[in-house]
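Asks: Residue numbers (UniProt numbering): 1 to 312. For every residue, glycine included, the Cβ atom is placed at its ideal position computed from N, Cα and C. The structure displayed is predicted, hence computed values, not measured ones.
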Amino acid sequence: MNLIGAAWQPDASGVSPKQQSSIPPLRLNDGNEIPMFAYGLGTANKKNDGAPLDTDLIELTKKAIDIGYRHLDCAEGYGNEEELGAAVKASAVPREELFITTKISATKKQSTFEAFDASLSRLKLEYVDLYLLHGPWFADSEQELQQRWADMEAIRESGRAKSIGVSNFLQEHIEVLLKTAKVPPAINQIEFHPYLQHLDLLVFHRQNNIAVSCYSPLVPITKATDGPVNQLWDQLAKKYGVSESEIGLRWCLDQGLVVLTTSSKPQRLQKYMSQLPCFKLTPKEVADISELGRQKHFRLFWTSFFAPDDRR
Ligand SMILES: NC(=O)c1ccc[n+]([C@@H]2O[C@H](COP(=O)([O-])OP(=O)(O)OC[C@H]3O[C@@H](n4cnc5c(N)ncnc54)[C@H](OP(=O)(O)O)[C@@H]3O)[C@@H](O)[C@H]2O)c1
Numbered sequence: 001m002n003l004i005g006a007a008w009q010p011d012a013s014g015v016s017p018k019q020q021s022s023i024p025p026l027r028l029n030d031g032n033e034i035p036m037f038a039y040g041l042g043t044a045n046k047k048n049d050g051a052p053l054d055t056d057l058i059e060l061t062k063k064a065i066d067i068g069y070r071h072l073d074c075a076e077g078y079g080n081e082e083e084l085g086a087a088v089k090a091s092a093v094p095r096e097e098l099f100i101t102t103k104i105s106a107t108k109k110q111s112t113f114e115a116f117d118a119s120l121s122r123l124k125l126e127y128v129d130l131y132l133l134h135g136p137w138f139a140d141s142e143q144e145l146q147q148r149w150a151d152m153e154a155i156r157e158s159g160r161a162k163s164i165g166v167s168n169f170l171q172e173h174i175e176v177l178l179k180t181a182k183v184p185p186a187i188n189q190i191e192f193h194p195y196l197q198h199l200d201l202l203v204f205h206r207q208n209n210i211a212v213s214c215y216s217p218l219v220p221i222t223k224a225t226d227g228p229v230n231q232l233w234d235q236l237a238k239k240y241g242v243s244e245s246e247i248g249l250r251w252c253l254d255q256g257l258v259v260l261t262t263s264s265k266p267q268r269l270q271k272y273m274s275q276l277p278c279f280k281l282t283p284k285e286v287a288d289i290s291e292l293g294r295q296k297h298f299r300l301f302w303t304s305f306f307a308p309d310d311r312r
């Protein structure tokens with residue numbers, strides 16, 4: 001079992017990673033377990049309103065489940081909850097073995113309960129494992145943010161979302177929630193890679209026992225290429241006999257963070273699943289990547305809400 005505070009320890013369960021066939025889950029502050037490695041249906045697979053059912057995405061998602069992915073990340077905003085639901089239905093893996101996340105829009109003013117009902121109905125599921133506020137920007141006041149969180153608590157109480165959390169929240173947003181929350185967020189899903197380490201946001205989460213999940217972990221090889229970490233990622237890939245993508249994913253896992261990725265290529269998804277449990281970066285390698293990464297700043301998502309030099 002991984003624990004939120006157990007960053008950079010050889011392994012929280014005391015088992016050498018080389019002896020593992022899978023990555024141990026993380027225990028959240030509400031007692032539920034979350035698989036540390038997820039397949040996401042955004043943003044590359046985003047579907048516009050009114051577009052027909054994406055059968056290729058259903059097939060790919062079903063394949064991801066077949067390969068071993070159990071944590072599946074979706075959102076109202078991706079427009080493909082129906083596709084995720086269809087893949088889950090078509091898969092032979094029982095629902096209770098899957099960990100399914102969806103999110104309510106980051107920007108839309110709407111009823112939380114209606115949005116949640118609509119998500120469940122598109123997913124054709126009785127419950128989700130994790131329901132997230134996709135972002136704080138729908139709210140014009142602290143009260144509006146706190147009210148939505150109270151709605152989320154009511155949804156959790158109903159049993160239709162096992163855990164609740166947030167995404168793209170800064171420390172200041174979480175502090176607003178915590179002023180009135182009965183149940184703290186279990187997790188904050190944020191863009192996280194060497195070029196966006198968010199100053200001391202991770203420390204804040206550890207102090208408050210809130211887990212962190214990382215999206216866009218591969219920015220240094222997808223969008224901000226030729227940056228300061230590339231040479232080291234390449235050297236480490238050779239050392240461990242894996243690809244640079246796996247070095248990027250392991251850098252998150254080895255800091256005790258849940259990591260989300262996606263791929264259009266089942267072969268790549270398969271390699272991640274078989275290779276990621278079999279090696280681990282040393283604490284020095286993790287620290288070296290972090291140090292090099294801090295030489296550059298790059299944010300891929302939600303840029304209209306942040307100043308270009310805002311590293312929070
Ligand atoms: N909460 C939020 O606001 C938010 C925002 C964005 C994303 N997310 C979630 O996070 C998930 C992952 O985000 P992401 O897609 O940005 O993650 P990512 O892991 O950084 O990027 C995935 C992409 O990397 C490419 N890739 C992998 N290895 C590569 C290599 N060696 N060279 C070139 N390209 C390579 C893959 O392409 P191939 O298809 O060729 O393999 C894939 O398109 C999403 O699916 C979504 O569920 C959440």
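Tell me the rounded alpha-carbon separation between N292 and A154.
Replies: Note on identity: in this sequence residue 292 is Leu, with Asn being the wrong assignment. Distance between the alpha carbons of L292 and A154 is about 43 Å.
Asks: Taking the DSSP output, what are the residues bridged to I247?
Replies: Answer by DSSP bridge pairing: none, since I247 is not bridged.
Asks: Quick one: grab the DSSP three-state call for S304.
Replies: Note: S304 maps to helix in three-state DSSP.
Asks: Along the beta strand (DSSP E) that carries L178, what are the first and last residues, could you check?
Replies: Note, L178: premise wrong, no beta strand (DSSP E); alpha helix (DSSP H) at 171 to 180.
Asks: Checking the sheet assignment: what are the DSSP bridge partners for R27?
Replies: BP columns for R27 point to E33.
Asks: Assign V15 to buried or exposed, taking buried as 16 or more other Cβ atoms, counted over all protein chains shown, within 10 Å of its Cβ.
Replies: Model confidence at V15 stands at a pLDDT of 49, short of 50, so the residue's coordinates are unreliable; what they give is reported in the following sentence. Classification for V15: exposed.
Asks: Would you check if the distance between the CB atom of G40 and the CB atom of Y215 is smaller than 8 Å?
Replies: Yes, the pair counts as a contact, with Cβ atoms nearer than the cut-off.
Asks: For T262, is the beta carbon positioned less than 7 Å from some heavy atom of ligand 1?
Replies: Yes, Cβ of T262 sits closer than 7 Å to a heavy atom of ligand 1.
Asks: When you compare each of G135, N29, E126, N45 to W302 by their alpha carbons, which one comes out closest?
Replies: When only C-alpha atoms are compared, the closest one is G135.
Asks: At 3 residues or longer, what runs of the beta strand (DSSP E) sit wholly inside the stretch 204 to 249?
Replies: With a minimum length of 3 residues, the continuous beta strand (DSSP E) runs that stay inside the stretch 204 to 249 are 211 to 215.
Asks: From the DSSP output, in three-state form, read off T43 for me.
Replies: It is coil, neither helix nor strand.
Asks: May I ask you to report which of helix, strand or coil DSSP gives A12?
Replies: Residue confidence for A12 is low, a pLDDT of 45 falling below 50, so the modelled location carries little weight and cannot support an answer.
Asks: If you run the structure through DSSP and keep just helix, strand and coil, what is T112?
Replies: If DSSP states are grouped into helix, strand and coil, T112 belongs with the helices.
Asks: Is there at least one Cβ from chain D nearer than 8 Å to P184's Cβ?
Replies: Absent here is chain D; the protein component of the structure consists of one chain.
Asks: Could you check whether the Cβ of Q189 sits closer than 7 Å to any heavy atom belonging to ligand 1?
Replies: Yes, ligand 1 has a heavy atom inside 7 Å of this Cβ.
Asks: For N45 and K179, what's the separation of their Cα atoms in angstroms?
Replies: Computed Cα separation, rounded: 36 Å.
Asks: List the endpoints of the continuous alpha helix (DSSP H) containing T61.
Replies: Where T61 is concerned, the enclosing alpha helix (DSSP H) stretches over 55 to 67.
Asks: For the alpha helix (DSSP H) containing D288, list its first residue and its last residue.
Replies: Start and end: 283 to 293.
Asks: So, is N168 buried or exposed, given that buried needs 16 or more other C-beta atoms within 10 angstroms?
Replies: Buried, since its Cβ has 16 or more Cβ neighbours within 10 Å.
Asks: Do you know offhand how far Q143's Cα is from R268's?
Replies: Rounded to whole angstroms, Q143 to R268 spans 44 Å at the Cα level.
Asks: Using a Cβ distance threshold of 8 Å, determine whether the stretch 56 to 68 contacts the stretch 91 to 105, with at least three qualifying pairs required.
Replies: Yes: at least three Cβ pairs fall under 8 Å.
Asks: Excluding the 5 residues flanking Q197 on each side, which residues of the same chain have their C-beta closer than 7 Å to its C-beta?
Replies: Same-chain partners within the cutoff: S290, G293, R294.
Asks: With L201 and L177 assumed to form a contact (beta carbons below 8 Å), what rounded beta-carbon distance in angstroms separates them?
Replies: Actually they are not in contact, since the Cβ atoms of L201 and L177 sit about 15 Å apart, beyond 8 Å.
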